[in-house]
Amino acid sequence: MKKKLQSIINKLYFLSTLGGIFLIWQFLSYSSIIPPFLLPSPAKVIQALILDFPLLMEHSKITLIEGLLGLFIGIAIGFCTAVFMDHFHKLYQAFYPIIIITQTIPTIAIAPLLVLWLGYGIAPKITLIVIVTFFPIAVGLLEGFQSADGDTLNLLRSMGANHVQIFWHVKFPGALGRFFAGLKISVSYSIVGAVISEWLGGYGGLGVYMTRVRKSYAFDKMFAVIFLISALSLLLMYGVKKLEKICMPWNA
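Residue numbers for the sequence shown follow our numbering, so the first one is 20 and each next one is one higher.
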């Protein structure tokens, strides 16, 4: 009962803070402290979201397909990378610093090169999403594998367990928590990465839509698509949280 009450109180804090932000936003727009064409009111943003909802859904479908395809490939590459680097220590020493260095390169700097090399189709978009999503998965899993209890590993080895059995019964279950933590980050990165790649060219998607409305100075529609991108990311993160509960029932 206390946990439910605390959960309700926490949600009230969040909702009251969010409501306060919207009230300040409405005041700034209504009082013309900031010109309405630069900062449209929340009411105008919601109106734009409703009026353009069918079109936004068409573009969202393209962005989601790109994001999910890139995410699944990124998960597969990140998983294989973590497994091999955990099993082969020299591979870890050789490639782990390179993986870290790849994340210091700004995503917006890579995107134009990918478009030049791969064209304006879906290939550069998926490639960019893979680049930004595999890192949290690989690092999270690798740290999870390496944090396995040494006594438990020695016990299984003394009982004649092979590498596959040790991985399946000890390392993989122990790394699931960090895997899902990385997956939540990767899910949000997948949508953002898709939108960034669509800014530089394409035939559809929320990034293409944003570019079009920006050029026409329709900032209410710009804010509407930003809200939609946030909603999609939160929805995917919620799905990951539900999947985590299914895969890790012992946490409950």
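All residues carry an ideal CB built from backbone N, CA and C; glycine is no exception.
Note that the coordinates shown come from a computational prediction; the quantities given were computed from them, not determined experimentally.
Name the residue from the options whose alpha carbon lies nearest to the alpha carbon of residue i.
| i | options | result |
| --- | --- | --- |
| Ile118 | Val158, Thr82 and Leu83 | Val158 |
| Ala243 | Ser51, Leu133 and His78 | His78 |
| Leu253 | Phe98, Ile127, Val206 and Gly223 | Val206 |
| Tyr222 | Lys30, Leu175 and Glu85 | Glu85 |
| Ile141 | Ser51, Gln25, Ile245 and Gly212 | Gly212 |
| Met267 | Thr36, Ala67 and Ala194 | Ala194 |
| Thr123 | Ile245, Lys240, Ile150 and Leu132 | Ile150 |
| Leu90 | Pro125, Ile204 and Ser177 | Ile204 |
| Ala237 | Ala200, Val64 and Pro73 | Val64 |
| Val102 | Leu251, Gly163 and Ser35 | Gly163 |
| Val189 | Gln165, Phe72 and Ser216 | Gln165 |
| Ala62 | Phe199, Gln25, Gly220 and Gln45 | Gln45 |
| Leu75 | Leu262, Phe246, Tyr257 and Ile27 | Phe246 |
| Phe198 | Phe154, Met241, Leu219 and Gly220 | Phe154 |
| Asp239 | Tyr257, Tyr115, Leu110 and Phe56 | Phe56 |
| Leu137 | Gly220, Pro116, Ala113 and Lys109 | Gly220 |
| Ala251 | Thr36, Tyr32 and Lys80 | Looking at the sequence shown, residue 251 is not Ala but Leu. It is Lys80. |
| Ala200 | Asn181, Tyr257 and Met241 | Tyr257 |
| Phe274 | Ser35, Thr152, Ala113 and Ser235 | As displayed, the chain neither begins before 20 nor continues past 271, which places residue 274 out of reach and without an answer. |
Which whole-angstrom value is the C-beta distance of residue i and residue j, which I expect to be below 8 Å?
| i | j | result |
| --- | --- | --- |
| Asp105 | Leu161 | 6 Å |
| Gly224 | Thr82 | 5 Å |
| Ile92 | Ile145 | 7 Å |
| Leu147 | Ile129 | 6 Å |
| Leu202 | Ile156 | 7 Å |
| Ile265 | Val214 | Contact doesn't hold; Cβ gap of about 29 Å is too wide. |
In angstroms, rounded to a whole number, what distance separates the CA positions of residue i and residue j?
| i | j | result |
| --- | --- | --- |
| Leu175 | Phe107 | 20 Å |
| Ser60 | Val259 | 33 Å |
| Gly179 | Gly169 | 16 Å |
| Pro73 | Leu135 | 32 Å |
| Leu68 | Ser209 | 22 Å |
| Ile96 | Ile28 | 41 Å |
| Leu31 | Lys109 | 51 Å |
| Glu217 | Val227 | 5 Å |
| Gln25 | Trp269 | 23 Å |
| Ile43 | Pro54 | 14 Å |
| Pro125 | Met241 | 23 Å |
| Ser177 | Tyr115 | 30 Å |
| Ala167 | Thr100 | 18 Å |
| Pro192 | Glu263 | 12 Å |
| Phe41 | Tyr111 | 48 Å |
| Lys261 | Ile52 | 43 Å |
For chain C, find out if any of its Cβ atoms is closer than 8 Å to the Cβ of residue i; answer yes or no.
| i | result |
| --- | --- |
| His108 | As a matter of chain content, chain C is missing from the structure shown, which is built from one protein chain. |
If contact is defined by three or more beta carbon pairs under 8 Å, each pair taking one atom from either stretch, is the stretch 227-235 in contact with the stretch 179-189?
No, they do not touch.
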